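Chemist: In our numbering, the protein residues as written are 1 to 398.
The beta carbon of each residue, even a glycine, is placed where N, CA and C say it ideally should be.
Small disclaimer: the values here were computed from a predicted structure and weren't measured.
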């Protein structure tokens, strides 16, 4: 089962998955608990190896779907010089990400009755694109995507993206569409980081640190609802948990359920996990992720649009009010408002407080909260350094 799997009946409800090919030699041993991991996964045998020096510390990486936890893991892998094992797989996934993103936008624009004008034929090409056929992603498809991305109907649908599910990196995929059909194209490091690969099953990494003798086993478990039943299989032997929350999710809806706000889901999931009796003494490293996207989101809509943040009052709210982001009142030609650094900091501190208020069992000191963007190496590196510097002492291993 590769990245191109099946054409959805509706693009927005597609099985948005880019999983490794189980027939590829690269992934022949990349299984843990019988489930396929993501690119570069280590086998359970490799992950449990110990050379007799230091401790082997198992860390669980949790969070809802599209929180960015797999991107965080990918950054940590790159920092540890773990090679990207299959560039072809990433190229395939990027094509699917690109095609599906435009397919979703065309579907929504059609649903709302927007006129594609001279791009009607291009809209048909995208709407009828077969997501199961990678070779169909050709010059004709790329031309259609590029033309539609400049079309007012697609711009208006994109401006209303909080009303439906869409991959957050859609603009990035459209910007590299031309590269994806180049015969000599090799995904860049940023392309790899931006690739949306749904974590299915349990993915395990073994990492050595340069400054101590400890080894760290990072276990990434799928975050979408249908994957969470597998979480319990990974709980045994866990010494710490990294829980990832997408701060920009306060404006988004779940892929699995369009009636549920993703931030509401994330906070409920965190509350359930952190207050589980078996974890009441477990160190938690909460990553409030996608600070970069929060800057854009806060410029357009206040935190208070999310029911979990209904009591938030921003001292930085624009005097003229926030721009309309739904219905026919959207102005697609206006310059987007970006939140100031002070506005972002204020919102981040509020979200931190909300997260910590959900901890009802065990000492509050066991929970540390970090705000960063997993897309930025300069922000992930200090977080990982802090974790590996402090966790051994918190576990009384030193």
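DSSP on residue 394, reduced to helix/strand/coil?
Modeler: By one-based count along the chain shown, residue 394 stands at place 394. Here residue 394 sits in helix by DSSP.
Chemist: Considering only the alpha carbon of each residue, which of 250, 208, 213 and 154 lies closest to residue 66?
Modeler: Translated into positions along the chain shown, residue 66 becomes position 66. Cα-wise, what sits closest to residue 66 is 250.
Chemist: Roughly how many whole angstroms lie between the Cα atoms of residue 42 and residue 195?
Modeler: As a position in the chain shown, residue 42 is number 42, starting the count at 1. As a position in the chain shown, residue 195 is number 195, starting the count at 1. Note that residue 42 scores a pLDDT of 31, beneath 50, so its modelled location is shaky and nothing firm can be said.
Chemist: How would you call residue 88, buried or exposed, if buried means at least 16 neighbouring beta carbons within 10 angstroms?
Modeler: As a position in the chain shown, residue 88 is number 88, starting the count at 1. Exposed is the call here.
Chemist: Have a look at the DSSP bridge pairing and note the partners of residue 319.
Modeler: Position 319 of the chain shown, counted from the start, is the residue given in the question as residue 319. In DSSP, residue 319 forms no bridge with anything.
Chemist: From residue 304 to residue 104, what distance separates their C-alpha atoms?
Modeler: As a working mapping, residue 304 is identified with position 304 in the chain shown. As a working mapping, residue 104 is identified with position 104 in the chain shown. One C-alpha to the other measures close to 27 Å.
Chemist: On the criterion of 16 or more Cβ atoms from any shown chain inside 10 Å, does residue 364 qualify as buried, or is it exposed?
Modeler: As a working note, residue 364 is residue 364 in the chain shown. Exposed, because fewer than 16 other Cβ atoms sit within 10 Å of the Cβ of residue 364.
Chemist: According to DSSP, residue 368 sits in a beta bridge with which residue or residues?
Modeler: On the chain shown, position 368 is the one that residue 368 refers to. In the DSSP output, where bridge partners are listed per residue, residue 368 has 285.
Chemist: Spatial neighbours of residue 368 within its chain, please: C-beta separation below 6 Å, excluding the five flanking residues on both sides.
Modeler: The count along the chain shown starts at 1 and reaches residue 368 at position 368. Closer than 6 Å at the Cβ level, and outside the excluded window around residue 368, lie 285.
Chemist: Taking the DSSP output, what are the residues bridged to residue 58?
Modeler: The residue you call residue 58 lines up with position 58 of the chain shown. Answer is 217.
Chemist: Bridge partners for residue 206 per DSSP, in chain order?
Modeler: Mapped onto the chain shown, residue 206 falls at position 206. According to DSSP, residue 206 bridges with 217.
Chemist: Quick check on DSSP: helix, strand or coil for residue 240?
Modeler: Within the chain shown, the letter at position 240 stands for residue 240. Residue 240: strand per DSSP, three-state reduction.
Chemist: Using three-state DSSP, classify residue 253 as helix, strand or coil.
Modeler: For the purposes of this step, residue 253 is identified with residue 253 of the chain shown, where counting begins at 1. Residue 253: strand per DSSP, three-state reduction.
Chemist: Quick one: give me the first and last residue of the alpha helix (DSSP H) that residue 171 is part of.
Modeler: Position 171 of the chain shown, counted from the start, is the residue given in the question as residue 171. From DSSP, the alpha helix (DSSP H) with residue 171 extends over 170-175.
Chemist: Which whole-angstrom value describes the C-beta separation of residue 271 and residue 148, a residue pair presumed to lie in contact below a C-beta threshold of 8 Å?
Modeler: Within the chain shown, residue 271 is the residue found at index 271, counting from 1. Within the chain shown, residue 148 is the residue found at index 148, counting from 1. With 8 Å as the limit, residue 271 and residue 148 do not qualify as a contact, their Cβ atoms being about 41 Å apart.
Chemist: My understanding is that residue 177 touches residue 98, with C-beta atoms under 8 Å, so please give their C-beta distance in whole angstroms.
Modeler: Here the question's residue 177 lines up with position 177 in the chain shown. Here the question's residue 98 lines up with position 98 in the chain shown. Their Cβ separation, rounded to whole angstroms, is 5 Å, which keeps residue 177 and residue 98 in contact under 8 Å.
Chemist: Relative to the C-alpha of residue 308, which residue among 341, 133, 252 and 218 is closest?
Modeler: One-based indexing of the chain shown puts residue 308 at position 308. Minimum Cα distance to residue 308 is reached at 252.
Chemist: Inspect the CB distances between the region 310-320 and the region 343-360 and report whether three or more fall short of 8 Å.
Modeler: Judged by Cβ distances under 8 Å, the region 310-320 makes contact with the region 343-360, as three or more pairs qualify.
Chemist: Can you tell me whether residue 186 is buried or exposed, with buried defined as 16 or more other CB within 10 angstroms of its CB?
Modeler: Indexing the chain shown from 1 puts residue 186 at position 186. With fewer than 16 other Cβ atoms within 10 Å, it is exposed.
Chemist: List the whole-angstrom C-beta distance separating residue 269 from residue 370, where the pair is believed to meet the contact cut-off of C-beta under 8 Å.
Modeler: Translated into positions along the chain shown, residue 269 becomes position 269. Translated into positions along the chain shown, residue 370 becomes position 370. About 18 Å separates the two Cβ atoms, so there is no contact after all.
Chemist: If residue 247 sits next to residue 291, beta carbons under 8 Å apart, how far is it from one beta carbon to the other, in whole angstroms?
Modeler: The residue labelled residue 247 in the question sits at position 247 within the chain shown. The residue labelled residue 291 in the question sits at position 291 within the chain shown. At roughly 6 Å, the Cβ-Cβ gap stays under 8 Å, so residue 247 and residue 291 are in contact.
Chemist: Three-state secondary structure (DSSP) at residue 181?
Modeler: Stepping through the chain shown from its first residue, residue 181 is reached at position 181. Reduced to three states, the DSSP call for residue 181 is coil.
Chemist: In the DSSP assignment, the alpha helix (DSSP H) including residue 141 goes from what residue to what residue?
Modeler: Against the chain shown, residue 141 aligns to sequence position 141. Element bounds for residue 141: 139-149.
Chemist: Since residue 343 and residue 298 should fall inside the 8 Å C-beta cutoff, what is the C-beta to C-beta distance between them, to a whole number of angstroms?
Modeler: Residue 343 sits at position 343 when you count from the first residue of the chain shown. Residue 298 sits at position 298 when you count from the first residue of the chain shown. Contact flag correct, Cβ pair sits at about 6 Å.
Chemist: Between the region 124-135 and the region 166-182, do three or more beta carbon pairs fall short of 8 Å?
Modeler: Taking 8 Å as the limit for Cβ pairs, the verdict is that the region 166-182 does not touch the region 124-135.
Chemist: Beta-carbon separation of residue 153 and residue 208 under 8 Å?
Modeler: Within the chain shown, the letter at position 153 stands for residue 153. Within the chain shown, the letter at position 208 stands for residue 208. No, Cβ-Cβ distance for residue 153 and residue 208 is not below 8 Å.
Chemist: Excluding the 5 residues preceding and the 5 following residue 109 in the sequence, name in chain order all residues of the same chain whose CB lies nearer than 8 Å to its CB.
Modeler: Here residue 109 refers to the residue found at position 109 when the chain shown is read from its first residue. So the list reads 116, 123, 153, 154, 156 and 157, once near-sequence residues are dropped.
Chemist: According to DSSP, is residue 261 part of a helix, a strand, or is it coil?
Modeler: Indexing the chain shown from 1 puts residue 261 at position 261. Residue 261: strand per DSSP, three-state reduction.
Chemist: Please work out which residues of its chain come closer than 8 Å, Cβ to Cβ, to residue 125, disregarding the five sequence neighbours upstream and downstream, and give them in chain order.
Modeler: Translated into the one-based positions of the chain shown, residue 125 becomes position 125. For residue 125, where only same-chain residues beyond five positions count, the Cβ hits under 8 Å are 140, 141 and 144.
Chemist: Keeping to the same chain, check which residues put their C-beta closer than 7 Å to that of residue 73; ignore five residues upstream and five downstream.
Modeler: Along the chain shown, one-based indexing puts residue 73 at 73. Only 61, 205, 218 and 220 meet the Cβ criterion.
Chemist: What does a CB cutoff of less than 8 Å around residue 302 pick up in its chain, not counting 5 residues either side in sequence?
Modeler: Reading the chain shown from its first residue, position 302 is the one you call residue 302. So the list reads 312, 314, 317 and 322, once near-sequence residues are dropped.
Chemist: With the cut-off set at 8 Å, would you say residue 235 and residue 190 are in Cβ contact?
Modeler: Here residue 235 refers to the residue found at position 235 of the chain shown. Here residue 190 refers to the residue found at position 190 of the chain shown. Contact: no.
Chemist: Please confirm whether residue 352 and residue 244 have their CB atoms less than 8 Å apart.
Modeler: On the chain shown, residue 352 is found 352 positions in, with the first residue counted as 1. On the chain shown, residue 244 is found 244 positions in, with the first residue counted as 1. Cβ atoms of residue 352 and residue 244: not closer than 8 Å.
Chemist: Could you tell me whether the Cβ of residue 114 comes closer than 8 Å to any Cβ of chain B?
Modeler: The structure shown contains no chain B, having only a single protein chain.
Chemist: By the DSSP assignment, the alpha helix (DSSP H) with residue 300 in it spans what residues?
Modeler: Within the chain shown, numbered from 1, the residue matching residue 300 stands at position 300. Looking at the DSSP string, the run of the alpha helix (DSSP H) that includes residue 300 is 291-300.
Chemist: Applying the criterion that 16 or more other CB atoms from any shown protein chain within 10 Å of the CB defines a buried residue, is residue 34 buried or exposed?
Modeler: On the chain shown, position 34 is the one that residue 34 refers to. Below a pLDDT of 50, predicted positions are generally treated as unreliable, and residue 34, at 26, falls in that range; the measurement from the model is reported next regardless. Its Cβ having fewer than 16 others within 10 Å, residue 34 is exposed.
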